[in-house]
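K.L.:
Numbering (full-length UniProt numbering), first residue to last: 1 to 194.
Handing you this structure, nothing more for now.
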């Protein structure tokens, strides 16, 4: 009987973490997919809020009135002055309320896209720290699980787990690492602003 050498799946597998010119074009398609995802997430985050904000401002400034714009001559007074801290608009308030409501609704839905955008630099920094063997900057397994929980879209559950981790493991826990700090900061910011 002839003995054949068998490789375990881990020994025989190569993980394509780096990109080199000899990747047969697979690297360029992988980078193209990332670029498309980053561009798409950027547009999804900025375009809806920008469109609603522009529509809101156009309506406010188009239908803006001042105290001097009385419809009849007999209603005009010489001492009427506009307040600097208020804008008077001659339009149905339900339209402005509708736009403001949509803007607040869309803003809360965009936190997932913001976390998607944040995941790319977080992953790059994590990969660079791993390649450079900077062990002090690498997260513990539990911190990595928390980081991934932040980035998979379960923001409120991840914030709760993170707060529990900070409070209950105060004396026994490892110092917070850059990936967890960045992911938690972005998630808190997206939750508070959205």
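Think of the CB as a built atom: it goes at the ideal place given N, C-alpha and C, for glycine as much as any other residue.
1) Report yes or no: do three or more beta-carbon pairs, one from the stretch 49-61 and one from the stretch 85-101, lie closer than 8 Å?
2) Spatial neighbours of residue 191 within its chain, please: CB distance less than 8 Å, with the 5 preceding and 5 following residues excluded, ordered by chain position.
3) In angstroms with no decimal places, state the Cα-to-Cα distance between residue 189 and residue 35.
4) Look at the alpha carbon of residue 140 and the alpha carbon of residue 42, and state the distance between them as a whole number of angstroms.
5) When the Cα of residue 143 is compared with those of 161, 130, 59, which residue comes out closest?
6) Taking 8 Å as the cut-off, is the C-beta of residue 34 nearer than that to any heavy atom in the ligand GDP?
7) Taking DSSP as the reference, what is the three-state secondary structure of residue 64?
8) Whose C-beta lies closer than 7 Å to the C-beta of residue 87 among residues of the same chain, with five residues either side of it excluded?
9) When you compare the CB positions of residue 147 and residue 183, do they come within less than 9 Å of one another, or not?
P.N.:
In terms of the structure at hand:
1) yes
2) 111, 155, 156, 159
3) 24 Å
4) 31 Å
5) 161
6) The ligand GDP is not among the ligands present in this structure, which contains no ligands whatsoever.
7) strand
8) 60, 64
9) yes
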